[in-house]
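This report refers to the structure that appears directly beneath it.
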Amino acid sequence: MRLTRTGAKKRPSYRVIVTESEFPREGRHVEIIGHYDPMTSPATVKIDTDAAVRWLRNGAQPSDRVRILLRHAGILKAWEEARLADKRAAKAAASQSS
Numbered sequence: 008m009r010l011t012r013t014g015a016k017k018r019p020s021y022r023v024i025v026t027e028s029e030f031p032r033e034g035r036h037v038e039i040i041g042h043y044d045p046m047t048s049p050a051t052v053k054i055d056t057d058a059a060v061r062w063l064r065n066g067a068q069p070s071d072r073v074r075i076l077l078r079h080a081g082i083l084k085a086w087e088e089a090r091l092a093d094k095r096a097a098k099a100a101a102s103q104s105s
């Protein structure tokens with residue numbers, strides 16, 4: 008998960024995308040999950056929570072800046088809660104089968 012630049016000269020805006028790590032910054036992407044506009048006051052961040060959590064659960068690694076944006080949007084907290092719920096369910100299933 009990383010940012011790709013869009014917008015005009017000296018007026019940047021960014022898309023939050025999911026892509027393979029080998030692809031170039033402005034190259035091919037798998038999915039666009041949101042956008043970030045640092046030029047507004049305050050900066051506009053819109054990220055699809057369900058898509059972001061789905062990709063994080065599948066092992067996507069966010070870049071440093073995307074990690075900060077996810078934290079501010081509350082998505083990292085939702086992902087941690089989903090991950091802990093999965094662990095609890097797996098532990099409960101293992102204890103019942105024993």
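Numbering (the numbering used here), first residue to last: 8 to 105.
Beta carbons: idealized from backbone N, C-alpha and C, even for Gly.
Between the alpha carbons of residue i and residue j, how many angstroms are there, rounded?
i	j	result
Y21	G14	8 Å
R87	P45	Just to set this straight, residue 87 is Glu in the shown sequence, not Arg. Going by the C-alpha atoms only, they are around 26 Å apart.
M8	A99	32 Å
R61	Q103	27 Å
L77	P19	19 Å
At a cut-off of 6 Å, would you count residue i as near the ligand PLP, judging by its Cβ distance to the nearest heavy atom?
i	result
T47	The model on display carries no ligand, and the ligand PLP is accordingly not part of it.
Is the Cβ of residue i closer than 7 Å to any Cβ of chain C?
i	result
G81	The structure shown contains no chain C; it is built from a single protein chain.
Smallest Cα separation from residue i: which of the options?
i	options	result
I82	K53, L10 and H36	K53
R74	K17, Y43, R32 and R35	Y43
E33	K94, A50 and L10	L10
S28	T51, S70 and A85	S70
P49	A101, H79, L91 and K94	H79
With C-beta atoms as the reference, is residue i less than 7 Å away from residue j?
i	j	result
E38	V25	yes
A67	I40	no
Assuming residue i and residue j are in contact, meaning their beta carbons sit under 8 Å apart, how far apart are those beta carbons, in whole angstroms?
i	j	result
A85	T56	6 Å
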